[in-house]
Structures are given as structure tokens and as C-alpha cells.
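Novice:
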Amino acid sequence: MTTLSLHAPAKNLLKTRELGIVLALALLIAYTAIDNPRFLSGQSIRDNLLNTAILAVMATGQAVVVITRNIDLSVGSVLGISAFTVATMMSANPGLPMIVALLAGLAVGAVAGLVNGVLVRFGKVPALVVTLGTLYIYRGITYSWAGGSQVNADELPRHFLTFANDNLLGIPWLVLIALIVVGTGSLMMRNYRVGRELYAMGSSPAAAELAGIKVARNLLGAFVLSGALAGLAGVLYAARFGTVDAAAGNGMELNVVAAVVVGGVAVFGGSGSVWGAALGALLLTVIGSALAVLDINQFWQQAIVGALIILAICADRLVAVRIARSLRKRDAHV
Amino acid sequence: MLRSPRTLLSVTSAALLVAGLAACGGTTKDSNTNSGSGTQASAAADPNAAVKEGLKIAFLPKQLNNPYSDVETGGGKVAVDELKGEYKLVGPNDASASSQVSYINTLIQQQQDVIVVAANDPNAVCPSLNQARAAKIKVITFDSDASKDCRDAFINQATTEGIGQSLAKMALEQAGSDGGEIAVLSATPNATNQNSWIEVMKTELKKPEYAKLKLVKVAYGNDDDQKSFQEAQGLLQSYPNLKVIVAPTTVGIAAGARYISSSSYKGKVAVTGLGLPNQMREYVKDGTVTKFALWNPADIGYLAAFAGAAMASGQITGAEGEKFKAGKLGEYTIGKDGEIVLGPPTEFTKDNIDQFNF
Amino acid sequence: MSDTLQKSSDIDLDKRPENGRATAIKSRLTSWDSIILVLTVLVLIVASFSVENFGTSRNFTFMVLDLLPIILIALPMTMIIVTGEIDLSVASTLGLTSSMMGWLWNQGLSIETIIPLCVVIGAICGVVNGFLITGLGLPSLAVTIGTLALYRGLAFVVLGDGAVADFPWNYTGWVTGTIGGGAVPNVLILIVVLALIFGIVQHATPFGRSLYAIGANAQAAHFSGIRVARTKFWLYVVSGAVAGLVGVLWTLRYSSARADNGSGLELAVVAAVLLGGVSIFGGKGSLPGVLAGVVLLTALQNALRLEDVSGQALNIVTGSLLVLSVLLPNITTAVRGNYHRRRLRQAASR
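If you're matching them up, the sequences are chains D, B and Z in order. Numbers in the working numbering are just positions in the first sequence, counted from 1, shifted up by 233. Numbers in the working numbering are just positions in the second sequence, counted from 1, shifted up by 109. Numbers in the working numbering are just positions in the third sequence, counted from 1, shifted up by 297.
1) Span of the alpha helix (DSSP H) holding residue 456(D)?
2) In this structure, does DSSP put residue 321(B) in helix, strand or coil?
3) Compute the Euclidean distance between the alpha carbons of residue 329(B) and residue 354(B), then round it to the nearest angstrom.
4) Under a CB-based cut-off of 8 Å, is residue 408(B) close to chain Z?
5) If residue 424(B) sits next to residue 158(B), beta carbons under 8 Å apart, how far is it from one beta carbon to the other, in whole angstroms?
6) Do residue 302(D) and residue 438(D) come within 8 Å of each other at the CB atom, strictly closer than that value?
7) First and last residue of the beta strand (DSSP E) that includes residue 265(B)?
8) With 16 other CB atoms within 10 Å as the buried threshold, where does residue 534(D) fall?
9) Helix, strand or coil, according to DSSP, for residue 484(B) in the structure here?
10) List, in chain order, every chain B residue whose beta-carbon is nearer than 8 Å to that of residue 355(Z).
11) Taking beta-carbon pairs under 7 Å, can you tell me which members of the stretch 379 to 395 of chain D lie near chain Z?
12) Would residue 367(B) pass as an interface residue toward chain D - the criterion being a Cβ-Cβ separation below 8 Å?
13) Are three or more beta carbon pairs between the stretch 328 to 337 of chain Z and the stretch 541 to 557 of chain Z nearer than 8 Å?
14) Quick check on DSSP: helix, strand or coil for residue 448(B)?
15) Along chain Z, in chain order, which residues have C-beta atoms closer than 8 Å to that of residue 562(D)?
16) Give the list of continuous alpha helix (DSSP H) stretches no shorter than 4 residues that lie fully inside the stretch 464 to 546 of chain D.
17) To test your reading of the DSSP string, which unbroken beta strand (DSSP E) runs of 3 or more residues are found completely within the stretch 272 to 342 of chain B?
18) Is the beta carbon of residue 386(B) sitting closer than 8 Å to the one on residue 181(B)?
19) May I have the straight-line CA-CA distance separating residue 490(Z) from residue 377(D), to the nearest angstrom?
20) Can you tell me the Cα-Cα spacing of residue 316(Z) and residue 634(Z), whole angstroms?
21) What does residue 627(Z) reach in chain D if we use C-beta pairs closer than 9 Å?
22) List the residues of chain B that residue 350(Z) touches, going by C-beta distances under 8 Å, in chain order.
23) Could you give the distance in angstroms between the alpha-carbon of residue 394(D) and the alpha-carbon of residue 381(Z)?
24) Do residue 366(D) and residue 458(D) have their CB atoms nearer than 8 Å?
25) Using a threshold of 8 Å, state whether the C-beta atoms of residue 415(Z) and residue 616(Z) are closer than that.
26) Do residue 467(D) and residue 358(D) have their CB atoms nearer than 8 Å?
27) With a cut-off of 8 Å, does the C-beta of residue 439(Z) fall near any C-beta of chain B?
28) Since residue 426(Z) sits in a beta bridge, which residues does DSSP pair it with?
29) Can you pull the chain D residues whose beta carbon is under 7 Å from the beta carbon of residue 429(Z), in chain order?
30) Give the straight-line distance between the Cα atoms of residue 329(D) and residue 398(D), rounded to the nearest whole angstrom.
31) Give a yes or no on whether 8 Å exceeds the smallest Cβ distance from residue 464(Z) to chain D.
32) Among all the DSSP beta bridges, which residues are the ones paired with residue 400(D)?
33) Please confirm whether residue 377(D) has its beta-carbon closer than 8 Å to some beta-carbon of chain Z.
34) What residues in its chain sit with their C-beta under 6 Å from that of residue 283(B), if we drop five residues either side in the sequence?
35) Is the distance from the Cβ of residue 574(Z) to the Cβ of residue 622(Z) below 8 Å?
36) Looking at the unbroken alpha helix (DSSP H) that takes in residue 167(B), where does it start and where does it end?
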């Protein structure tokens with residue numbers, strides 16, 4: 234029964250955590266827009282959302298993995314291998330419809346994620362080690378395969394390139410896909426049994442196993458999801474940027490982890506939310522474009538992102554300490 | 110317990126200090142005279158020497174996976190085949206200054222006859238290149254020069270002045286008779302080539318015929334497609350009246366053109382600069398770009414290979430005024446500081462772009 | 298605040314594979330650090346005989362220079378990982394000190410002042426990490442990912458994308474030179490001295506043993522009188538100082554102070570340390586194993602390059618070795634465990 238009473242205050246405090254990002258975002262946008270009203274123009278908003286989309290899709294998968302108290306550092310390399318696979322496939326078969334490209338990217342990513350998951354669960358190798366290793370391996374495979382070659386925009390079919398800019402009811406496909414991914418992810422983690430099980434696994438892996446949760450299945454699922462979404466992000470990347478080489482997405486894992494951490498997902502699992510991670514991705518992207526608009530030296534961007542990550546984990550710590558204190562008080566009353 | 114970590118710290122720092130202070134003195138920037146230049150081979154040139162066969166000529170571009178470098182080194186391969194030499198291509202995956210050094214070291218170990226290198230940092234590669242020259246390997250730089258005292262010759266794609274002037278001229282044409290705001294989308298802020306071109310361009314813009322052009326910003330896309338794309342986007346948000354984006358880098362111009370062609374600025378903002386016809390074809394045809402320029406990169410590699418072979422055969426030493434034959438390109442004369450200039454850049458428009466495939 | 302301190306470490310405990318019983322057998326039979334030592338020696342011997350130009354003295358110098366940054370940073374990193382923490386900010390600290398070095402040099406300071414100052418700057422970066430992790434009880438993985446971005450960002454703020462290159466020849470020449478022009482690179486002395494100091498501290502002092510105690514069970518270590526927080530704090534300071542020194546050496550080796558120097562090196566260092574048999578959960582691993590891991594990676598890279606195998610393929614080798622370094626011991630343990638159980642069962646049924 235204690236678990237029930239435990240959840241209510243925790244949830245409320247976590248809500249304020251995401252509120253914090255929304256507030257920071259609002260402040261930043263307001264300040265930038267006062268300085269330069271064009272920041273709120275349709276084109277600018279569209280650009281920001283398009284830039285966020287790819288990061289948000291990857292952050293969704295990463296959030297799920299981190300909530301189970303694991304990490305997936307291979308996402309940048311998975312994006313690379315998927316982007317290159319799909320771009321090569323589309324340039325060789327220009328007639329293929331977009332949906333095939335999307336599915337192919339998802340499939341490539343899912344396989345990469347499955348390898349990670351199997352090694353973590355059945356090889357009993359820590360996720361940090363596995364995904365650091367596959368970060369090298371997947372990137373190495375892409376490099377060896379691509380050699381020096383590159384797929385240029387003019388080799389890709391028109392419908393593939395315009396996909397990034399085409400709209401459905403005024404919303405670009407890219408943004409729509411990101412919204413669907415983030416929405417479904419949030420719903421799954423919040424309202425469905427499997428989501429709650431993933432949180433439980435992150436809070437205490439041993440307890441989760443004892444409680445009869447299918448840890449192996451869930452863990453594999455989390456890694457496959459993260460891989461598949463990184464693969465999907467690879468397709469979106471290829472469609473948006475048009476030029477794909479073996480280095481696509483290099484170093485992106487740090488941005489994704491940063492987005493997740495800034496978005497309030499604790500690195501030791503068990504707390505945080507998918508939509509918080511997506512907000513984190515949005516915040517990081519908006520900071521980048523706000524700096525360009527405010528004409529602040531772009532070199533500050535990385536330092537600011539770093540400071541923000543530290544600020545975010547300090548805030549999480551504060552929340553955690555406060556929860557612990559309120560729980561202790563409650564226990565004392567009982 | 111408290112003492113041990115402190116001991117560790119103090120012992121370590123003492124060791125570090127000793128290491129750091131091994132050579133005492135008090136050298137500052139002002140008192141420092143750098144005498145680390147390589148030993149120049151002082152053999153006299155013999156213009157009649159035959160070009161040797163079987164020369165081992167290695168190409169080390171800034172990075173692999175760069176279509177522009179691929180075209181350059183492709184030209185080099187053609188030349189090495191004509192020279193009946195052994196062609197080799199190596200390079201790092203990232204265009205970082207230090208990663209090239211390991212490759213140079215490897216080439217020294219393999220006793221190549223000629224190293225043709227595009228330097229990622231003019232100084233970082235210097236000690237290694239001088240080691241190579243001490244091992245009797247001829248060092249030719251192409252595309253991006255290393256310091257003068259650590260290479261034997263530099264293949265310059267065009268004179269700095271020529272490119273800077275051509276960039277300014279294209280910007281004016283694109284902005285139209287009313288002029289307006291222009292911005293530059295460059296590679297990295299310390300890219301040797303781009304900076305010197307931009308300098309010339311700025312001097313050029315001070316002339317009266319360019320009075321109507323206003324350079325509002327130099328942005329840097331780090332020769333990264335995604336970054337350049339976002340910088341182009343940032344430029345238009347900050348400067349809504351922008352008329353022309355001048356990108357003196359093939360990555361920047363392609364990313365800039367791609368952004369403009371997919372945004373509401375298409376037709377209002379012109380993109381020009383230096384680009385590869387294959388990458389730009391699409392944007393020239395859809396009207397985003399009307400004119401851009403470039404030399405033929407394959408010729409650079411071709412010329413570099415011939416210069417290297419001539420040098421390894423003792424025909425030339427890299428001194429000013431020496432002449433050598435470069436296959437189909439004809440005869441070249443070495444200029445000041447060992448520079449060999451390829452020739453004027455070609456301008457591409459929708460009328461001639463289909464004649465080029467690189 | 299003591300409850301905040303242990304959060305990260307006691308959580309790690311239940312992530313550990315449940316092989317307490319098998320540990321003893323495992324460590325005797327399949328100790329990864331001895332495997333890696335043998336493997337390294339084998340690779341060196343095979344490469345010397347089969348790869349042209351591998352065994353030359355000049356190539357030896359090149360290899361030492363290539364492994365210099367990784368091996369030095371790996372020394373304190375090994376200790377940090379043994380205590381169950383991690384420091385991902387080292388390469389950024391290196392970049393920041395390199396930037397600062399260029400900036401200070403441009404300000405007209407003497408190189409003899411700049412070098413110790415850069416080591417101090419590195420140490421200050423370590424103090425910040427140490428404070429956030431032990432003072433505030435934040436998880437080291439997240440903190441150092443944050444400072445990874447922060448320090449690298451500051452490096453760019455200090456020096457922009459420019460480069461400072463005119464460092465004095467007697468210093469840059471010392472880093473790339475050899476003793477008396479012979480086969481032994483000058484920096485090898487530095488590597489040997491520091492490796493000896495760290496080796497002795499880690500393996501032959503009470504302090505070193507306390508690191509393993511912390512890594513095995515921070516709570517227990519705390520109750521047995523080990524000052525867990527303080528120890529970890531100083532480890533981060535030392536890690537920062539060494540990263541600062543490597544920043545100086547890196548700058549001098551390439552005679553080029555740049556903000557992007559050493560980017561991505563943190564992954565190579567962590568990979569080398571883990572490859573050397575140090576457990577990411579702490580409490581396990583030895584410095585000789587780590588040194589062998591670094592040498593193995595560098596030698597493989599060097600030999601493959603001499604054989605004109607692309608650097609890309611090496612990515613695959615590095616990654617696979619990393620995964621295998623943990624996977625293989627686990628598999629052997631599992632197999633032995635099965636075998637053991639079957640024998641017990643047979644004994645019972647008899």
C-alpha cells in the first residue's frame with residue numbers, strides 16, 4: 234500500500250520539474266522575441282520544430298532506456314548506419330515509396346537495438362560498456378561500407394527529399410512523426426502496464442524481477458525501441474539534409490543524453506518522462522537558434538548546454554531530497 | 110586516510126612540475142624565436158633529369174568521406190598511373206589537426222617517395238612533415254597549405270586574390286543593381302583558405318563599385334552539412350533583408366542552397382560561392398542558384414602528383430622560376446615560396462553545368 | 298548529508314551480476330587482465346615479425362607519442378572507475394587547458410609559468426567535478442557529461458576556433474624528441490614515472506586498497522572508517538590535473554593550441570580502461586591490465602595502419618574488444634557454473 238501513497242507526492246513534484254523546462258523555454262523565447270520579433274515568425278518556428286524533431290525522436294527512445302536504469306550510447310552510430318542504408322537504398326531504387334524507407338530505417342535500427350539488448354541482458358554486460366562498444370562497431374561498419382562515398386541530394390528521389398518539407402494540415406511530416414512518437418511513448422510509459430513495469434525495473438531491478446515482471450522481455454523491448462527510433466531518426470536525417478555520408482550523426486549520442494537529462498529523466502532510472510525528454514530536446518534546439526538570432530558568439534552554445542545539464546541534475550537532486558524528506562515525515566506520522 | 114589522497118596529489122603535482130620545469134629559462138612569446146624549420150634538401154635541380162618510374166606517391170587529404178577531396182585525389186590517381194607510379198590514399202575520418210599526424214608517421218615508416226597532403230592545421234602537421242623530409246620524402250601540399258618551412262611545394266588552386274575578387278563580383282551580380290545586404294557562410298573560423306579569400310573579398314568590397322553591397326555577417330558552418338544548414342537558417346532570421354549568401358566552401362554552398370530551396374526565401378535570397386557541380390546541379394536547375402564557381406579539383410591532384418614526381422626525380426627542387434611538365438596540363442613554373450598556381454576558376458551556370466561531372 | 302552521498306554507489310550494487318560465488322573461480326581462471334597482458338605481448342611479437350617497419354625504433358617513438366595522452370589519462374581514470382564512478386570530462390579538460398595555454402602564451406606569459414598554471418587549471422576543473430559529485434551527491438555520469446560540454450564550450454569561448462602555434466622549439470621538440478636522439482622518446486620517462494607512482498599508490502598502499510573497498514561497497518567502506526567522499530573528491534582533482542598536463546603535452550606535440558584538441562578522447566580512455574579488465578561497477582581491475590589495454594589498442598592501430606587497413610576497420614576491432622572484454626569472462630563463468638551445477642547434480646543422484 235505504501236507504493237500508492239508514495240506515488241502522489243512524487244508525481245506532483247515531478248510535474249513541477251517539467252514545468253521548470255516549460256518556464257525556461259517560455260522565458261528564453263520571450264527574451265529572444267523581444268530582441269528580434271522575427272524569432273516568432275512562421276518560418277522560424279517551423280525551422281525550430283524541424284530541428285527538434287530528429288532529436289526528440291531519439292530522446293524518446295533514450296528516455297525509455299534511461300528510465301530502466303540503462304543507457305544507449307550507440308544511437309548516433311545507429312542513426313548513421315540507418316541514414317546511409319536508407320539513402321543508398323533510395324538512390325538505387327528511386328521508385329520505392331516513402332513508407333518503405335521509414336520501415337527500412339526502423340528495421341535497421343531495431344536490429345541494432347536488439348543486439349545491444351541481448352548483450353546487456355543475456356551477456357550480462359553493463360549497458361554503458363555494450364553501447365560504447367557498439368558505438369564504435371556500428372560506426373566502423375558504416376565507414377567500412379561507405380568508404381569515401383557519399384549520397385548526394387541529386388541522387389535521391391524527389392519525393393524522398395520533399396518529405397521533410399511536405400505538410401499535412403500545415404504541420405510538416407517530420408514534426409508530425411516526432412509528435413506521434415513522443416505522444417505514443419508518453420502514453421505507453423504513463424498509462425500502460427508495460428510502462429509502469431519499466432519504471433519499476435529502473436527503481437529497483439532486483440525487486441522488479443522478484444515481483445514477477447518480465448524483465449528480460451521489457452529490457453529487450455526498451456533497447457529495440459531506442460534502436461528503432463534512432464533508425465527512424467536516420468531516415469528523417471537523410472530526408473532533411475539530403476547529403477548523407479558515413480559520419481552522419483557522429484557525436485549525436487551526447488546531445489540525446491543531454492536532452493534526456495535536461496528533460497528530467499534521472500540517470501539512475503525510475504523517474505522522469507518521455508515528454509520531459511522531448512521538452513529537453515526542444516529547449517536545447519531553441520537555445521541553439523536563439524544564440525544565433527541574439528548574435529551571441531556561437532562558441533557559448535556548448536558551454537551553456539553544459540551548464541544547463543548540471544543545473545538540471547542539481548534540480549533533480551533537490552526534488553529527490555525533498556521527496557525523501559516528505560516521505561520520512563509521512564513515515565514518522567504513521 | 111586523509112593524508113593519502115593528499116600525498117598522491119602532492120607527489121603527482123611535484124612530478125608534473127619537475128617535468129614541466131625540466132628546461133628552465135623564462136621563454137615568452139616575445140623572446141621566442143622559432144628555429145624549428147626543416148632542413149631543406151640542397152641538391153641542385155637538374156631540369157633534364159628523366160621522371161622516375163615506380164615512385165611511391167601517397168595522398169593524404171583533409172579527411173576521407175569528403176566528395177571534394179575524392180575528386181582531387183581521383184585526379185592524383187590518374188596522374189600517378191600516367192607516371193607509372195604506386196598510388197596510395199590514406200586519411201582520417203575527421204578533419205582534425207592531430208589525426209593527420211599519425212598518418213604522416215605511417216607514411217614515413219612505409220618510405221614513400223612523395224607525400225601529397227592537404228593540411229588540416231598549417232602548424233600541427235609541421236614537425237611530422239619535417240621528419241618526412243629528413244627521411245628524403247618530398248612533401249607537396251595541395252588544397253590547404255602547411256607552413257612554408259615544412260613542405261617543398263604548394264599547389265594553389267587559384268591565387269587568393271583571384272578567388273576573393275571572383276566572390277565579390279558574383280555577389281554583386283546576384284544582388285543586382287540595387288545592391289543590399291550580403292552575408293558569408295564559411296567553413297571553420299580558422300580555415301586558412303576561406304579566411305584569406307574573405308579578407309580579399311572585404312578589401313574588394315571597399316571599392317566604389319561595391320558601395321551598395323553591405324557585408325553584414327560572416328557565419329561559420331564548420332564544413333558540416335547540418336551546422337551549415339542551421340547557420341544559413343540563423344542568417345535569415347537575423348537579417349531578413351539579406352540578398353545574397355556567399356559560401357566559399359562546397360559544403361556551405363550546398364547546405365545553404367538546400368535550405369533556401371526548401372524555405373519561403375526561395376527566389377528572394379541568392380546563394381553563390383564555390384561549389385561542386387554535382388552537388389549544386391539540383392539547385393541550379395530549380396533556380397535557387399544561378400551562378401557559382403570552382404576550379405577543377407581533379408586537376409589539383411593531377412598537378413600535385415606531377416610536381417611531386419618531378420621533385421622526386423630531381424627535375425625541380427621547389428625554387429622560384431623552375432619549370433616542369435604536368436602531362437595534359439602543360440608546363441608550369443614555380444612561383445614565390447614554392448607556390449604553383451593551377452589557373453583561374455571556372456564559373457558554372459545552368460547553361461554549362463551539365464558539361465561537368467565532379 | 299551522508300544519505301545523499303551513497304545514493305549513486307549503493308544503487309550500483311544491485312546492478313552487479315549475481316555471481317558472488319563464482320567470483321573466486323573466475324578470478325583465478327579467467328582473470329581478464331592476465332589474458333589482456335598475454336594478448337598484448339602476442340600482438341607485439343606477431344606484429345614485429347609480420348608487419349614491415351613495425352619493429353623499428355622510429356615506429357616505437359611514434360607509438361609512444363600516440364599512446365601518451367590515453368595512457369596518462371587512464372592512470373587516474375582507472376582509480377576513479379575502481380571506486381565505481383566515472384569521469385567523462387577529461388578530454389574537454391584537455392581541450393580547455395590547451396586553449397588556456399594558447400591564450401596565456403598570447404598574453405606574453407612565459408612558458409615556464411604557463412605549464413604549471415595549466416596543470417592547476419586542470420585541477421580546478423577536477424575540483425568542480427569533485428564538488429558536484431561528492432559535495433552535492435550528484436551521479437558522476439551525468440555530472441561529467443555536463444562538464445564535458447561545459448569545459449569544451451569554455452575552451453571555444455577562450456580561443457574561438459583559432460589556433461596558437463608559435464610555442465618555443467625547445468619545448469615542442471622535447472615532447473616529440475628522443476633521449477640523445479636515440480630510440481627512447483623523452484615522454485616515455487614521464488609515462489614510466491607517473492605509471493610507477495600511480496601503480497604503487499593503487500596497489501601497494503592502504504589508500505589504494507580503500508579504493509577497491511569503496512568500489513565494492515561504498516556503504517561498508519564508509520562504516521569501516523574510509524572517508525569515501527573525500528577520497529573520491531581528490532581522485533577527481535588528480536584526474537583533472539593529469540588531463541591538464543596532457544593538454545600541455547598535446548599542445549606541445551602538435552605545436553598547436555586549439556579548443557578542439559583531444560575531442561572524443563574520453564571514449565578511447567574509458568574503452569582502454571575497461572578493455573584492461575576494470576569493472577565499470579567498480580571494485581575490480583588492475584593498473585597493469587589497463588596499461589596492457591592501452592598498448593594493445595595503440596599497437597593494433599599502428600600495425601593495421603602500416604598494413605594499409607583503414608582506420609575505419611579499427612573502430613570495429615576496438616568496439617568488439619571492448620564488449621568481449623566483459624562478455625567472455627561472463628560466458629566462462631556461466632559455463633563453469635553450469636558444469637559445477639551438473640557435477641553437483643550428478644553427485645547428488647549417485
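All C-beta atoms in this analysis are idealised placements derived from N, C-alpha and C, irrespective of residue type, glycine included. This one's a predicted model, so the numbers in the text were calculated from it and none came from an experiment.
Specialist: Looking at the atomic coordinates:
1) For the purposes of this step, residue 456(D) is taken as the residue at position 223 of the first sequence. Annotation for residue 456(D): the continuous alpha helix (DSSP H) segment containing it runs 448 to 474.
2) Working through the second sequence from its first residue, we reach residue 321(B) at position 212. Correct three-state label for residue 321(B): coil.
3) The count along the second sequence starts at 1 and reaches residue 329(B) at position 220. The count along the second sequence starts at 1 and reaches residue 354(B) at position 245. In this structure, the CA atom of residue 329(B) is about 12 Å from the CA atom of residue 354(B).
4) Start at 1 with the first residue of the second sequence, and residue 408(B) comes out as number 299. At a cut-off of 8 Å between beta carbons, residue 408(B) makes no contact with chain Z.
5) Stepping through the second sequence from its first residue, residue 424(B) is reached at position 315. Stepping through the second sequence from its first residue, residue 158(B) is reached at position 49. In this structure residue 424(B) touches residue 158(B) by the C-beta definition: roughly 5 Å separates them, less than 8 Å.
6) Numbered from its first residue, the first sequence carries residue 438(D) at position 205. Numbered from its first residue, the first sequence carries residue 302(D) at position 69. Yes, these two residues count as a Cβ contact at 8 Å.
7) Numbered from its first residue, the second sequence carries residue 265(B) at position 156. According to the DSSP assignment, residue 265(B) belongs to the beta strand (DSSP E) that extends over 262 to 265.
8) The residue given as residue 534(D) occupies position 301 in the first sequence. Counting Cβ neighbours within 10 Å, residue 534(D) comes out buried, since at least 16 surround it.
9) Lying before the first or after the last residue shown, residue 484(B) is absent from chain B, which here runs from 110 to 467.
10) As a first step, residue 355(Z) must be located in the third sequence, where it is residue number 58. In chain order: 217 and 218.
11) Listed by position, the residues of the stretch 379 to 395 of chain D near chain Z (Cβ gap below 7 Å) amount to none.
12) For the purposes of this step, residue 367(B) is identified with residue 258 of the second sequence, where counting begins at 1. Closer than 8 Å to some Cβ of chain D, the Cβ of residue 367(B) qualifies, so yes.
13) Between the stretch 328 to 337 of chain Z and the stretch 541 to 557 of chain Z, the count of Cβ pairs shorter than 8 Å is below three; the stretches do not touch.
14) Residue 448(B) sits at position 339 when you count from the first residue of the second sequence. In this structure, DSSP gives residue 448(B) an extended state, which the three-state scheme calls strand.
15) Translated into the one-based positions of the first sequence, residue 562(D) becomes position 329. At a beta-carbon threshold of 8 Å, none of the residues of chain Z lie near residue 562(D); the nearest stands roughly 15 Å away.
16) Secondary structure in the stretch 464 to 546 of chain D: the alpha helix (DSSP H) runs of 4 residues or longer, each lying completely within the stretch, are 485 to 495 and 507 to 526 in chain order.
17) Scanning the stretch 272 to 342 of chain B from its first residue to its last, the whole beta strand (DSSP E) runs of 3-plus residues come out as 289 to 295 and 322 to 329.
18) Taking the first residue of the second sequence as position 1, residue 386(B) is located at position 277. Taking the first residue of the second sequence as position 1, residue 181(B) is located at position 72. No, Cβ-Cβ distance for residue 386(B) and residue 181(B) is not below 8 Å.
19) The residue given as residue 490(Z) occupies position 193 in the third sequence. The residue given as residue 377(D) occupies position 144 in the first sequence. Across the structure, residue 490(Z) and residue 377(D) are spaced so that their CA atoms are roughly 39 Å apart.
20) Position 19 of the third sequence, counted from the start, is the residue given in the question as residue 316(Z). Position 337 of the third sequence, counted from the start, is the residue given in the question as residue 634(Z). Confidence in residue 316(Z) is poor, its pLDDT being 49 and thus under 50, which makes the residue's placement too unreliable to answer from.
21) Counting from 1 along the third sequence, the entry for residue 627(Z) is found at position 330. Going along chain D in sequence order, the residues near residue 627(Z) (Cβ under 9 Å) are 356, 357 and 358.
22) Counting from one through the third sequence, the residue named residue 350(Z) turns up at place 53. Ordered by position in chain B, the residues that pass the 8 Å Cβ test against residue 350(Z) are 218, 219 and 220.
23) Locating residue 394(D) in the first sequence gives position 161, counting from the first residue. Locating residue 381(Z) in the third sequence gives position 84, counting from the first residue. Here the alpha carbon of residue 394(D) sits roughly 47 Å from the alpha carbon of residue 381(Z).
24) Taking the first sequence and counting its residues from 1, the one referred to as residue 366(D) is at position 133. Taking the first sequence and counting its residues from 1, the one referred to as residue 458(D) is at position 225. Residue 458(D) sits away from residue 366(D), with the two beta carbons spaced by 8 Å or more.
25) Here residue 415(Z) is taken as the residue at index 118 of the third sequence, counted from 1. Here residue 616(Z) is taken as the residue at index 319 of the third sequence, counted from 1. Using a Cβ distance threshold of 8 Å, residue 415(Z) and residue 616(Z) do not count as a contacting pair.
26) Start at 1 with the first residue of the first sequence, and residue 467(D) comes out as number 234. Start at 1 with the first residue of the first sequence, and residue 358(D) comes out as number 125. By the CB criterion at 8 Å, residue 467(D) and residue 358(D) fall outside the cutoff.
27) Residue mapping note: residue 439(Z) aligns to position 142 of the third sequence, counting from 1. Chain B places no beta carbon closer than 8 Å to that of residue 439(Z), leaving this residue out of the contacts.
28) Walking along the third sequence from the start, residue 426(Z) turns up at place 129. Paired residues: none, contrary to the question.
29) Within the third sequence, numbered from 1, the residue matching residue 429(Z) stands at position 132. From the beta-carbon of residue 429(Z), the residues of chain D found nearer than 7 Å are 543.
30) Here the question's residue 329(D) lines up with position 96 in the first sequence. Here the question's residue 398(D) lines up with position 165 in the first sequence. If I take the Cα positions, the gap works out to 18 Å.
31) Taking the third sequence and counting its residues from 1, the one referred to as residue 464(Z) is at position 167. Not an interface residue.
32) Counted from its first residue, the first sequence places residue 400(D) at position 167. Its beta-bridge partners are 405(D).
33) Along the first sequence, one-based indexing puts residue 377(D) at 144. Yes, contact with chain Z.
34) The count along the second sequence starts at 1 and reaches residue 283(B) at position 174. Excluding the 5 residues flanking it on each side, residue 283(B) has same chain C-beta neighbours closer than 6 Å at 353, 379 and 381, in chain order.
35) Looking up residue 574(Z) in the third sequence gives position 277. Looking up residue 622(Z) in the third sequence gives position 325. Yes, the pair counts as a contact, with Cβ atoms nearer than the cut-off.
36) Taking the first residue of the second sequence as position 1, residue 167(B) is located at position 58. From DSSP, residue 167(B) is part of no alpha helix (DSSP H) but of the beta strand (DSSP E) over 165 to 169.
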